[in-house]
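Enquirer:
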Amino acid sequence: MRERILAEAGGNPLALLELPRNIRSPYWAGGFELPDALSVPRRLEESFRRRSASLPPQTQLLLAAAPEPTGDVALLWRAAAHLGLAREATTPAEVAGLLEIDVRVRFRHPLVRSAVYQAATLPDRRRAHGALAEATDPQADPDRRAWHRAQSVLGADEEVAEGLERSAERARACGGLAAAAAFLQRAAELSPEPGARARRALAGAHAKHESGAPEAPLELLAVAAVGPLDPLPRARLELLRAQIGFHLTPDSDGPLRAAAHL
């Protein structure tokens, strides 16, 4: 993440100061999040969106670069091959000053990455993620491959959800709670079976809470509450809900009393 901030700041000291202050918590998930707008004027993003929209259609390779924050040039070329695009497809974007490719793939500004991704259609996004998944070495980087694969599927997919759950376990083992939460949230979304969906949503809510985002788990708790859950997971859900309520309303001891009865 340090390398990403340095690359996207482009040597601008003010950007180095402002990027960490204005980014939202999912940004810190080690790249396991989707490009989104930062807390900067939307009109700047719209300007970048218009510039990218004016590029030739074959510049779809720009979309493949947007959700892949590693800046790995070799990975981008492998994804291009899966998309049936030549390396020269990036030339218009480079000439327009939106993208630089040397030893790394670098966007001129984080909002370029966001504008390109947000302007794309859902089928095009899935296609780009699918190419990135195919281009990613499953032995060297199984978690990033699982993430891209999860963004490429349409509808529920238990096999992909299981892969994300394994990635979450690896992330948690090395202290990557935000990344684990991102994996589990997507795994819950892809779970076809209600029990597995509730279990993964509850685990994701715990990971979000442990990562220091007190309000973020509420959406996942609502999914988990639909169940079915056994008595012990149900008790853990209510305990977490009480803990969140205590953090959000510290002047009230109601949530704490509720937790004490569990």
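In the working numbering, each number is its position in the sequence shown, counted from 1, plus 25. Backbone N, C-alpha and C define an ideal beta-carbon position, used for all residues, glycine too.
#1: Taking contact to mean at least 3 C-beta pairs separated by less than 8 Å, is the stretch 176 to 185 in contact with the stretch 193 to 205?
#2: What residue does the beta strand (DSSP E) around Val130 start on, and which one ends it?
#3: Give the C-beta separation of Gly96 and Arg129 to the nearest angstrom, bearing in mind that I take them to be a contact with Cβ-Cβ under 8 Å.
#4: Quick one: using the 10 Å Cβ neighbour count with 16 as the cut-off for buried, is Glu28 buried or exposed?
#5: Within its chain, find whatever has a CB closer than 6 Å to the CB of Ala106; leave out the 5 residues flanking it on each side and keep chain order.
#6: Secondary structure at Glu125, three-state DSSP: helix, strand or coil?
#7: So, helix, strand or coil for Ser255, using DSSP?
#8: Taking the straight line between their C-alpha atoms, what separation do you get for Ala212 and Ala267?
#9: Comparing C-alpha positions only, which one of Gly155, Ala165, Leu87, Pro239 sits nearest to Ala137?
#10: What would DSSP say about Ala145, mapped onto helix, strand or coil?
#11: Would you check if the distance between the CB atom of Pro17 and the CB atom of Ala153 is smaller than 9 Å?
#12: Determine the closest residue to Gly270 out of Glu240, Glu244, Leu257, with distance taken between C-alpha atoms.
#13: Taking all protein chains shown into account, decide if Pro74 is buried (16 or more other Cβ within 10 angstroms of its Cβ) or exposed.
#14: What does a CB cutoff of less than 7 Å around His286 pick up in its chain, not counting 5 residues either side in sequence?
#15: Please return the same chain residues whose Cβ sits closer than 6 Å to the Cβ of Ala171, not counting the five positions on each side in sequence.
#16: Just the C-alpha distance for His231 and Glu263, rounded to the nearest angstrom, thanks.
#17: Kindly confirm or deny that the stretch 119 to 128 and the stretch 155 to 171 touch, where touching means at least three C-beta pairs closer than 8 Å.
#18: Residues in its own chain within less than 7 Å of Val141 by CB, not counting five upstream and five downstream?
#19: Tell me whether Glu33 sits in a helix, a strand or coil according to DSSP, three-state version.
#20: Hey, how far is the Cα of Leu179 from the Cα of Asp162?
#21: Can you give the Cα-Cα distance for Asn37 and Val248, rounded to whole angstroms?
#22: Helix, strand or coil for Val65, going by three-state DSSP, please let me know.
#23: Hey, Ala160 and Arg103 are a contact pair by Cβ (cut 8 Å); roughly how many whole angstroms apart?
Expert: In brief:
#1: No, because fewer than three Cβ pairs between the stretch 176 to 185 and the stretch 193 to 205 fall closer than 8 Å, the two stretches do not touch.
#2: Bounds of the beta strand (DSSP E) holding Val130 are 130 to 132.
#3: Correct: roughly 4 Å between the Cβ atoms.
#4: Counting C-beta atoms within 10 angstroms of its own C-beta, Glu28 has fewer than 16 neighbours from the protein chains shown and is therefore classed as exposed.
#5: Contacts found: none.
#6: Three-state DSSP puts Glu125 in a strand.
#7: In the sequence on display, residue 255 carries Asp and not Ser. Coil, per DSSP.
#8: Using only the alpha carbons, I get a separation of about 25 Å.
#9: Before going on, a small fix: residue 137 reads as Val here, not Ala. Looking at the Cα atoms, Leu87 is the closest of the given residues.
#10: Here Ala145 sits in coil by DSSP.
#11: A question about residue 17 goes unanswered here, because the residues of the chain that appear run from 26 up to 287.
#12: Distance check between Gly270 and each of Glu240, Glu244, Leu257 places Glu240 closest, using alpha-carbon atoms only.
#13: Rather than Pro, the amino acid found at residue 74 in this sequence is Arg. By the neighbour-count rule (16 or more Cβ atoms within 10 Å), Arg74 is buried.
#14: Its pLDDT being 48, under 50, His286 is placed unreliably in this model, and the value from its coordinates should be taken loosely. Its chain contains no residue whose beta carbon lies nearer than 7 Å to that of His286 once the 5 sequence neighbours on both sides are disregarded.
#15: In the same chain as Ala171, and ignoring 5 residues on each side of it, the C-beta atoms closer than 6 Å to its own belong to Gly188, Leu189, Ser192, in chain order.
#16: Spanning the two alpha carbons is a distance of roughly 12 Å.
#17: By the Cβ rule, the stretch 119 to 128 does not count as touching the stretch 155 to 171, because fewer than three pairs are nearer than 8 Å.
#18: Excluding its 5 nearest sequence neighbours in each direction, Val141 has C-beta neighbours in its own chain below 7 Å: Ser77, Leu87, Leu88, Ala91, listed in chain order.
#19: Of the three classes helix, strand and coil, the one that applies to Glu33 here is helix, per DSSP.
#20: Each residue's CA atom was taken as its position, placing Leu179 and Asp162 some 22 Å apart.
#21: C-alpha separation (whole angstroms): 42 Å.
#22: Because the pLDDT of Val65 is 40, which lies under 50, any placement of that residue in the model is unreliable, and the question is left without a value.
#23: With a Cβ gap of about 4 Å, Ala160 and Arg103 count as contacting.
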